[in-house]
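K.L.:
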Amino acid sequence: MSPRRTFLSIAAVFLLLGLLSLVFPRDGVQIGNSTLRFPSILEALQEFRSDKTDTAQIDPEEQIRKMLAETRAREFTKYADSLNFYEEFFRQGPTRFDFPANDPSWFDRFFKRLQEAKDSGKVIHIVHYGDSQLEGDRITAAVREPLQALWGGSGPGMVSPLADIPSYVLNSHSIGNLSRHRIFGPVEEHARHNKYGPLAQVTELRGSATFTFKKSLHQKGYPLAGKFQKVRLLANKANLKTKLIYSATVIDTIRQDSLPDEYKERSQKFLALEPAVETFPGLSVYTWDLQHVTESVNLTVRGNADLYTISLDGESGVAVDNVAMRGSSGTIFTKMNGELLGASLEAMNAKLIIMEYGGNLVPSVNKSNLDWVERVLEKQIKALQAVAPDADILFIGPADMSKKINGEWTSFPALTMTIDKIREIALRNGCAYWDMYRVMGSHNAMISWVKQKLGGPDYIHFTRNGASHMGNLLYNALKLHYDYYLFREKHGIDSSKLNEIHAFADSSKNEADTLIKKSDTLVKQNDTLVLTPIEDAPEDDDFGAAE
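Printed below as a string of structure tokens:
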């Protein structure tokens, strides 16, 4: 068919429809139970104009705004649900941290530094100071192992050249003309000066000494702590003669004609290269970067010097130092030489300092001397902040402690007031706080821990299993904050966006509360609820249940 004929055919159809609309009754034509209607030309034109007008009235910018608002609402709803999971723990979880200004992002700076250390091949140190609850690497070991598995690193960190308390992860032995002084403990053990180094002790070397460190055979649960590749010695002299021998596993290849190669492991001793020596104010740091990972080191040092610590670390990642001080209340930092302590922490790249004290204060605390506790502990925090301004400080308060009163084991009466005061001091000075008393279950929790063989028979100290359990709880709480950090980093949620999400969640909650209130009002206004029956509803016994 030609275009002319097509056009004439279409025009004829429209003409016939127009004539039909003119003659068709307005009320329609009744056909049985139905009515057939046909729109008039005026009605068709009016509907066309209405559609055109409605289309013209739509604002493109308003459309975009609505689409963005809907997208934002969907996005914020998803974020708000996830954030609520974390923030509910931050508010009510028994293993939660307390933060200055209730800021759960307090650990962010530390997490960024851990990642930077892992990426750049550096070692970052967490120094865990505490009392006898930490002896033998307790609590610390359970925190260290998963941290190193997550961020890299190995080794036990800083250890004493002349250790007197066996470690669960490391065997150490020393021979030579050595004497040790500690700032904590009996007065007769104090040095004639205040230069103690990062472990709050100093070992005097006069002549020659050899230090041997080996992985403990008892530390099966902590394999990373028994391996190291970087050895450092902190001393007050830069001209010491040293020799370091270490053992490492090497693999020999045995080639055989017409047979696959065989591989055989054997232990071989290596002489390390001369150490690099870096100087700080009042401090010299000797560093050996070993070619192989080792589990055994022999270090010989000749000269007259003060030795502060030997650090056994991995090539990179995180190191966690266990610094236990039996009988200490943590009131020793103001008595130490600040320049040396600061130089030591800087040399070790210490970015988190944990102060776990308070248990030794509890038996002597009462309302009359609580102000003294506040003053002395605040001075310790400020002293560490002054010498290590680049490090964050986490204060861990005392665990539940029991004594017999009228023949019954019960928590020390002054325990809660001591904990409240320490928490107040820590938060006021920008430190985070972790409440071991709350973690255990609060009042009289030690009784339950003793029954479970997590607490010792003195109802004060943890057993090794109890200390490991507490360390695991601390790590898990820290890991949850790391997950929270990763979630915000992944979705680009900074503090500004976080506030917007909270505002959105609050607005949504208010709207929901308003609807609930309206619903409650309607229920109160209508004592009887009248249901309108549905016409021609099927007679099905299951209809109501399905609805």
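If you want our numbering, it's the 1-based position in the sequence shown plus 276. C-beta atoms are modelled at their ideal positions from N, C-alpha and C, and glycine is treated no differently.
Report the three-state DSSP secondary structure of Ala467 (helix, strand or coil).
P.N.:
Translated into positions along the sequence shown, residue 467 becomes position 191. Coil at Ala467, not helix or strand.
K.L.:
Using 10 angstroms around the beta-carbon of Lys471, count the other beta-carbons present and answer buried if the total reaches 16, otherwise exposed.
P.N.:
Numbered from 1 along the sequence shown, position 195 holds the residue referred to as residue 471. Label assigned to Lys471: buried.
K.L.:
Hey, out of Ser450, Asp379 and Pro689, whose CA is closest to Lys679's CA?
P.N.:
Here residue 679 is taken as the residue at index 403 of the sequence shown, counted from 1. Measuring from the Cα of Lys679, the nearest candidate turns out to be Pro689.
K.L.:
What residues are listed by DSSP as bridge partners for Leu509?
P.N.:
Counting from 1 along the sequence shown, the entry for residue 509 is found at position 233. Paired residue(s): Tyr562 and Ile586.
K.L.:
Could you give the residue range of the alpha helix (DSSP H) that holds Ala417?
P.N.:
To locate residue 417, count along the sequence shown from 1; it is residue 141. Where Ala417 is concerned, the enclosing alpha helix (DSSP H) stretches over Thr416 to Trp427.
K.L.:
Just the Cα atoms here: how many angstroms apart are Gln661 and Ser358?
P.N.:
Your numbering for residue 661 matches position 385 in the sequence shown. Your numbering for residue 358 matches position 82 in the sequence shown. Cα to Cα, the separation comes out at about 35 Å.
K.L.:
By a C-beta neighbour count over all protein chains shown, 10 Å radius and 16 as the cutoff for buried, is Thr282 buried or exposed?
P.N.:
As a working note, residue 282 is residue 6 in the sequence shown. With fewer than 16 other Cβ atoms within 10 Å, it is exposed.
K.L.:
Inspect the beta-carbon positions of Asp374 and Tyr709 and report whether they are closer than 8 Å.
P.N.:
Residue 374 sits at position 98 when you count from the first residue of the sequence shown. Residue 709 sits at position 433 when you count from the first residue of the sequence shown. Yes, the Cβ-Cβ distance between Asp374 and Tyr709 is below 8 Å.
K.L.:
Any idea which residues DSSP pairs Asp597 with across the strands?
P.N.:
Position 321 of the sequence shown, counted from the first residue, corresponds to residue 597. Answer by DSSP bridge pairing, in chain order: Val403.
K.L.:
Can you tell me the Cα-Cα spacing of Met746 and Ala418, whole angstroms?
P.N.:
In the sequence shown, the residue the question calls residue 746 occupies position 470. In the sequence shown, the residue the question calls residue 418 occupies position 142. Rounded to whole angstroms, Met746 to Ala418 spans 8 Å at the Cα level.
K.L.:
For the 8 Å Cβ check, are there 3 or more pairs between the segment 665-673 and the segment 705-723?
P.N.:
Yes, the segment 665-673 touches the segment 705-723.
K.L.:
When you compare the CB positions of Lys503 and Gly412, do they come within less than 8 Å of one another, or not?
P.N.:
To locate residue 503, count along the sequence shown from 1; it is residue 227. To locate residue 412, count along the sequence shown from 1; it is residue 136. No; because the gap between Cβ atoms is not below 8 Å, this pair is not in contact.
K.L.:
Is it buried or exposed, Trp685, if we count other Cβ atoms within 10 angstroms and call 16 or more buried?
P.N.:
For the purposes of this step, residue 685 is taken as the residue at position 409 of the sequence shown. The residue in question, Trp685, is exposed, as its Cβ has fewer than 16 Cβ neighbours within 10 Å.
K.L.:
To which residues of the same chain is His757 closer than 6 Å at the C-beta, ignoring the five residues directly before and after it?
P.N.:
The residue labelled residue 757 in the question sits at position 481 within the sequence shown. Within the same chain, His757 has close Cβ partners Phe383.
K.L.:
Does Met624 come out as helix, strand or coil in the three-state DSSP assignment?
P.N.:
Here the question's residue 624 lines up with position 348 in the sequence shown. Correct three-state label for Met624: coil.
K.L.:
My output table needs one value for Asp528: the three-state DSSP class, helix, strand or coil.
P.N.:
Your numbering for residue 528 matches position 252 in the sequence shown. Reduced to three states, the DSSP call for Asp528 is strand.
K.L.:
When DSSP labels each residue in this structure, what does Pro437 get in the three-state scheme?
P.N.:
Walking along the sequence shown from the start, residue 437 turns up at place 161. Correct three-state label for Pro437: coil.
K.L.:
Buried or exposed, going by whether 16 or more other CB atoms sit within 10 Å of the CB of Lys506?
P.N.:
Indexing the sequence shown from 1 puts residue 506 at position 230. Buried.
K.L.:
Could you say if the segment 512-519 and the segment 570-588 meet the contact criterion of at least three C-beta pairs nearer than 8 Å?
P.N.:
The segment 512-519 is in contact with the segment 570-588.
K.L.:
Using only alpha-carbon positions, find the residue among Glu700, Asp379 and Leu691 that is nearest to Met722.
P.N.:
On the sequence shown, position 446 is the one that residue 722 refers to. Of the listed residues, the one whose Cα sits closest to Met722 is Leu691.
K.L.:
Ordered along the chain, which non-local residues of its own chain (more than five positions away) have a Cβ less than 7 Å from that of Phe366?
P.N.:
Residue 366 sits at position 90 when you count from the first residue of the sequence shown. Answer for Phe366: Arg372 and Pro380, listed in chain order.
K.L.:
Under 6 Å Cβ to Cβ from Glu538, same chain only, skipping five residues before and after it: list those, please.
P.N.:
Taking the sequence shown and counting its residues from 1, one reaches residue 538 at position 262. Once the five neighbours on either side are set aside, the close Cβ partners of Glu538 are Ile530.
K.L.:
Of all Cβ atoms in chain C, is any one closer than 8 Å to the Cβ of Gly461?
P.N.:
Among the chains in the structure shown there is no chain C, since it carries only a single protein chain.
K.L.:
When the distance is taken between beta carbons, is Val435 closer than 8 Å to Ser455?
P.N.:
Locating residue 455 in the sequence shown gives position 179, where the first residue counts as 1. Locating residue 435 in the sequence shown gives position 159, where the first residue counts as 1. Going by C-beta atoms, Ser455 is not nearer than 8 Å to Val435.
K.L.:
Helix, strand or coil for Asn574 per DSSP?
P.N.:
What you label residue 574 is simply residue 298 of the sequence shown in a count that begins at 1. Here Asn574 sits in strand by DSSP.
K.L.:
Rounded to whole angstroms, how far is the Cβ of Val652 from the Cβ of Thr694, which I believe are closer than 8 Å?
P.N.:
In the sequence shown, residue 652 corresponds to position 376, counting from 1. In the sequence shown, residue 694 corresponds to position 418, counting from 1. That belief does not hold up - the Cβ atoms of Val652 and Thr694 are roughly 12 Å apart, past 8 Å.
K.L.:
Alpha carbon to alpha carbon, how far is Trp725 from Met716? Give it in angstroms, no decimals.
P.N.:
As a working note, residue 716 is residue 440 in the sequence shown. As a working note, residue 725 is residue 449 in the sequence shown. Distance between the alpha carbons of Met716 and Trp725: 8 Å.
K.L.:
Is Arg456 helix, strand or coil by DSSP?
P.N.:
Residue 456 sits at position 180 when you count from the first residue of the sequence shown. Reduced to three states, the DSSP call for Arg456 is strand.
K.L.:
For a test of the three-state rule: what should DSSP assign to Ile810, helix, strand or coil?
P.N.:
The sequence position of residue 810 within the sequence shown is 534, counting from 1. Legend: pLDDT at Ile810 = 43, less than 50; position of this residue unreliable, value from coordinates given subsequently. Three-state DSSP puts Ile810 in coil, outside helix and strand.
K.L.:
For Ser543, tell me which candidate among Thr525, His719, Ile459 and Gly558 has the shortest Cα-Cα distance.
P.N.:
For the purposes of this step, residue 543 is identified with residue 267 of the sequence shown, where counting begins at 1. Checking every option, the nearest Cα to that of Ser543 belongs to Thr525.
K.L.:
From Lys490 to Gln477, what does the alpha carbon distance come to, in whole angstroms?
P.N.:
Taking the first residue of the sequence shown as position 1, residue 490 is located at position 214. Taking the first residue of the sequence shown as position 1, residue 477 is located at position 201. When rounded, the distance between both Cα atoms is 22 Å.
K.L.:
Rounding to the nearest angstrom, what Cα-Cα distance links Leu588 and Lys354 in this structure?
P.N.:
In the sequence shown, residue 588 corresponds to position 312, counting from 1. In the sequence shown, residue 354 corresponds to position 78, counting from 1. Between Leu588 and Lys354, the C-alpha separation is close to 45 Å.
K.L.:
Pick helix, strand or coil for Ala690, following the three-state DSSP scheme.
P.N.:
As a working mapping, residue 690 is identified with position 414 in the sequence shown. Three-state result, Ala690: coil.
K.L.:
CA-CA distance, Arg714 and Val463?
P.N.:
The residue you call residue 714 lines up with position 438 of the sequence shown. The residue you call residue 463 lines up with position 187 of the sequence shown. Rounded to the nearest angstrom, the two C-alpha atoms are 35 Å apart.
K.L.:
For Pro422, which of Ser771, Gln656 and Tyr751 has the nearest alpha-carbon?
P.N.:
The residue given as residue 422 occupies position 146 in the sequence shown. The candidate whose alpha carbon is nearest that of Pro422 is Tyr751.
K.L.:
Just to check my reading of the structure: Ala623 and Val561 have Cβ atoms closer than 8 Å, yes? What is that Cβ distance to the nearest angstrom?
P.N.:
Looking up residue 623 in the sequence shown gives position 347. Looking up residue 561 in the sequence shown gives position 285. Indeed they touch by this definition, with Cβ atoms about 5 Å apart.
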